Amino acid sequence: MPILSLFNHKGGVSKTTTTYHLGWMLANKGYKTLIVDTDPQCNLTSLIIGDDEAEDFYSGKGCIDIYSCIEPLEKGMLGGVKKANPIPTKNPNLFLLCGNLKLSGFENQLAFALTASEGIPAVRNMPGSLSEVLRAAKKDNEFDYVLIDMSPSVGALNQCLFMSSDYFLVPTTPDFFCKQAIKSLSEVIPSWNNTINPFRKDGLAYAIPGEPPKFIGFLSQKYRPRSNAPAKSFQKWIDIIHSSVNEELVPVLVKENMIVNTQGKEYLFENGEPYNIVNISDFNSLIAQSQKHKTPVFELKDAEIEQSGKILVNMKKSQRDFLNVFDEFADNIVGLTKS
1 MPILSLFNHK
11 GGVSKTTTTY
21 HLGWMLANKG
31 YKTLIVDTDP
41 QCNLTSLIIG
51 DDEAEDFYSG
61 KGCIDIYSCI
71 EPLEKGMLGG
81 VKKANPIPTK
91 NPNLFLLCGN
101 LKLSGFENQL
111 AFALTASEGI
121 PAVRNMPGSL
131 SEVLRAAKKD
141 NEFDYVLIDM
151 SPSVGALNQC
161 LFMSSDYFLV
171 PTTPDFFCKQ
181 AIKSLSEVIP
191 SWNNTINPFR
201 KDGLAYAIPG
211 EPPKFIGFLS
221 QKYRPRSNAP
231 AKSFQKWIDI
241 IHSSVNEELV
251 PVLVKENMIV
261 NTQGKEYLFE
271 NGEPYNIVNI
281 SDFNSLIAQS
291 QKHKTPVFEL
301 KDAEIEQSGK
311 ILVNMKKSQR
321 DFLNVFDEFA
331 DNIVGLTKS
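UniProt numbering puts the sequence shown at residues 1 to 339.
Here is the structure:
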């Protein structure tokens, strides 16, 4: 089963929230799932374990986060990368590989390795080191899905993580800047795919996978609904982004062999139209309660919603809507990633 990255170099598209809720829903459906925090800001880690628990975790002697796994390689120690030690969450089927601020420093070394490896053999294994960590964790723990929460950048760290994936999703919001981001991705991704080629060699201790990741679709988030559908102003940008994906991004990815085969799977997309996997409206109030209680929106109890009367009734309806959206979303992911 696959490693799936959620990537868009535009910020504010709810990558972390989506990773968390999608991972939880996959776990609810019986898939043993690992979510990986590779953003040096560590928002996913904070969302799940909180500040107090984070202090205990990072000060502990047995702390093995994403950076700890590759630290020996970065510092030139013997023995190579360490095995990951994912921590359990409140869902017995969902695990977290914690992030670390020090990943931002490792990015500088990755950038150097990507350009200087031919002349300096000692750094040739750096780009594939994160792939080794993730695939070893997947195998050792028998994870069905690995979801990677990535930072909003086009740096070397994201290039290596992205190219270590089997599939990728592009979260979007319905606005002009996301439309611009799609156009930018149509240039960035082929460049990444080309420049990573030297690190796909079988002779490397830690190699990037030979096959590039496959695009399975985009999701549109944070729109305001009206009559159970996006309001006109938001639908306009959803349609524009959909067109940009189909006209600018997809043709480029087809040339790079980086797109999933959708034949016979059209029913897994919104209105049967690839590649819009799901539309997720703005659930701001519920998201705030979810973050406060470190619990997915669809698992919040009435007391955790902290409302009463008609407001509670309306929020519980929104909660059911959120549950239904992510239930369908998870099913679509499973359907699109089946071999």
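Beta carbons: idealized from backbone N, C-alpha and C, even for Gly.
None of these values were measured; they are calculated from a predicted model.
Around the C-beta of residue i, are 16 or more other C-beta atoms found within 10 angstroms, so that it is buried, or is it exposed?
i                 : result
proline 39        : The residue you asked about is not proline; residue 39 is aspartate in the sequence shown. Per the 10 Å Cβ criterion, buried.
tyrosine 145      : buried
phenylalanine 176 : exposed
valine 81         : buried
asparagine 108    : exposed
arginine 202      : According to the sequence displayed, residue 202 carries aspartate and not arginine. By the neighbour-count rule (16 or more Cβ atoms within 10 Å), aspartate 202 is not buried but exposed.
valine 297        : buried
asparagine 193    : buried
lysine 75         : exposed
glycine 99        : buried
valine 13         : buried
proline 251       : exposed
glycine 11        : exposed
lysine 139        : exposed
Measuring only the C-alpha atoms, how far is residue i from residue j?
i                 : j                 : result
methionine 258    : isoleucine 216    : 9 Å
leucine 96        : threonine 45      : 8 Å
glycine 309       : leucine 253       : 50 Å
aspartate 56      : isoleucine 48     : 14 Å
serine 104        : glycine 60        : 22 Å
glycine 335       : asparagine 261    : 11 Å
glutamine 291     : asparagine 141    : 27 Å
threonine 33      : glutamine 307     : 32 Å
glutamine 221     : alanine 181       : 15 Å
glutamate 299     : methionine 77     : 44 Å
leucine 6         : serine 151        : 9 Å
serine 244        : alanine 111       : 30 Å
aspartate 302     : glutamine 319     : 10 Å
residue 351       : aspartate 37      : Residue 351 falls outside the range modelled here, since the chain spans only 1 to 339, and no answer is possible.
tyrosine 206      : asparagine 276    : 34 Å
valine 133        : aspartate 65      : 11 Å
lysine 179        : valine 188        : 15 Å
isoleucine 120    : asparagine 43     : 35 Å
threonine 172     : phenylalanine 322 : 17 Å
serine 227        : glutamate 273     : With a pLDDT of only 48 at serine 227, under 50, the local geometry of the prediction cannot be trusted, and no value is derived from it.
glycine 264       : proline 212       : 22 Å
glycine 155       : alanine 116       : 16 Å
phenylalanine 283 : aspartate 149     : 20 Å
I'd like to know whether the C-beta atoms of residue i and residue j end up nearer to each other than 8 Å.
i              : j              : result
isoleucine 241 : proline 174    : yes
tyrosine 67    : lysine 15      : no
glutamate 256  : proline 190    : yes
aspartate 238  : asparagine 279 : The sequence as given places isoleucine at residue 238; aspartate does not occur at that position. Yes; because the gap between Cβ atoms is below 8 Å, this pair is in contact.
serine 285     : histidine 9    : no
alanine 84     : cysteine 63    : no
residue 341    : histidine 21   : In this structure the chain extends from 1 to 339, so residue 341 is not present and cannot be described.
glycine 79     : proline 88     : no
serine 186     : leucine 249    : yes
alanine 137    : proline 86     : yes
By Cβ distance, which residues of its chain are closer than 6 Å to residue i, with the 5 residues on each side in sequence left out?
i                 : result
threonine 195     : none
alanine 113       : Val123, Met126, Pro127
leucine 147       : Leu4, Thr19, Gly23, Ile35
tyrosine 223      : Summary for tyrosine 223: the model assigns pLDDT 46, below 50, so the residue's position carries little reliability; its value from the coordinates is reported in the next sentence. Taken in chain order, the residues that qualify are Pro174, Pro230, Phe234, Ser281.
phenylalanine 143 : Lys32, Leu34
residue 342       : Nothing about residue 342 can be reported from this structure: the residues present for the chain run from 1 to 339 only.
phenylalanine 329 : Val278
alanine 27        : Thr33, Asn91, Asn93, Leu94
valine 170        : Asn8, Phe218
Just to confirm my understanding: we take residue i, look at its own chain, exclude 5 residues before and 5 after, and list those with CB closer than 8 Å. What are they?
i              : result
isoleucine 208 : Pro127, Gly128, Ser131, Cys160, Met163, Ser164, Ile196, Phe199, Arg200
methionine 315 : Ser285, Leu286, Ile305, Gln307
So does residue i have its beta carbon nearer than 7 Å to some heavy atom of the ligand FMN?
i         : result
lysine 90 : The model on display carries no ligand, and the ligand FMN is accordingly not part of it.
Which residues in the same chain as residue i place their Cβ atom closer than 7 Å to its Cβ, once the five residues preceding and following it in sequence are excluded?
i             : result
glutamate 304 : Gln289, His293, Thr295
threonine 17  : Ile287
aspartate 51  : none
Establish whether the CB of residue i and some CB of chain B are separated by less than 8 Å.
i             : result
threonine 262 : In the displayed structure, chain B is absent; only one protein chain is listed.
Alpha helix (DSSP H) runs wholly inside the stretch 142-213, at least 4 long, in chain order: 156-162, 176-195
Minimum length 4: unbroken alpha helix (DSSP H) runs contained in the stretch 216-283: 232-244, 250-255
Continuous alpha helix (DSSP H) assignments of at least 4 residues falling wholly in the stretch 30-73: 43-59
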